[in-house]
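Taking the working numbering, the leading residue of the sequence shown gets 69, the next gets one more, and so forth.
What follows is a short report on a single structure.
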Amino acid sequence: MSEFKPKPLKTVDMEGFSRRQLEEHHGVLYTGYVNKLNEIRRLQKEVDHSKANQTYSDLRALKIEETFALNGIILHEYYFDNIGGQGGRAFGRALELIERDFGSYENWETDFKATGLAVRGWVVLAYDPYDGRLHNFGSDSHNLGPIWNATPVLVLDTYEHAYMIDYGVKRAPYIDAFMKVIDWDAVNRRLAAL
């Protein structure tokens, strides 16, 4: 099994995001998830399977933390890929589906931003194949709350590490800044791949 490698940051020049904020978030935190996943997968090769137990065992800990690290990688890769754009109102297929599934762009934006204030970890605009619609899902942790088989198309990181350097504990202005740098081309590419 080959080791994961961090993907490069698309840009460090974004309105509302300092270079330091982006470099700490990407270069330290995201890269840390990549390194930790590689370590977990190395340890899984050596774990004593005969001691597996649902209350506690080394295997249980490795399996649970594998999902945390891997989802941390995946969500951060979506997040970093969907920022660095011009922001503003969605366009193309994204706007078409947002209007269909939320009634209007404004209804979606209100729900997306409010979800960002309501959860501790992530807001994920995702396509759910079970009902064929877009939903704003909220999650308090990388490995809690994902909807199986739903495909993320826009990801917002609401953990404090995503904005603390630039905004302190003020999440609302960070979310406003995020909305100004959404890369709707990236969102539309994800929708086209469905």
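We put the CB at the ideal spot given by N, CA and C, even for glycine.
- Sequence-distant Cβ neighbours of N204 in its own chain, meaning closer than 7 Å and more than five residues away, are D179, F180, T183, V191 and L193.
- If the five residues before and after N106 are omitted, its C-beta is found closer than 7 Å to the C-beta atoms of E71 and F72, all from its own chain and listed in chain order.
- With a contact defined as Cβ atoms closer than 8 Å, V223 and N150 qualify at about 6 Å.
- Counting only the Cα atoms, S125 lies some 30 Å from V187.
- Here V192 carries a strand assignment [DSSP, helix/strand/coil].
- Judged by DSSP in its simplified three-state form, P241 adopts helix.
- In the three-state DSSP reduction, S172 falls in the coil class, being neither helix nor strand.
- Rounded to the nearest angstrom, the gap between the Cα atoms of L127 and A137 is 15 Å.
- Here L259 is not near L130, since their CB atoms are 8 Å or more apart.
- Approximately 4 Å separates the beta-carbon atoms of D169 and L202; this is inside 8 Å, confirming the contact.
- Non-local beta-carbon contacts of L111 in its own chain, meaning distances under 7 Å to residues more than five positions away in sequence, involve L130 in chain order.
- Taking the CA atoms as reference points, V255 sits about 45 Å from S118.
- When DSSP states are grouped into helix, strand and coil, V223 belongs to the strand group.
- Taking one beta carbon from each stretch, the segment 206 to 221 and the segment 76 to 83 have fewer than 3 pairs nearer than 8 Å; the two do not touch.
- By DSSP's assignment, F85 forms a beta bridge with M82.
- Partner residues in the beta bridge of G206, as assigned by DSSP, are V191.
- Note on geometry: alpha-carbon atoms of Y147 and Q154 lie some 15 Å from one another.
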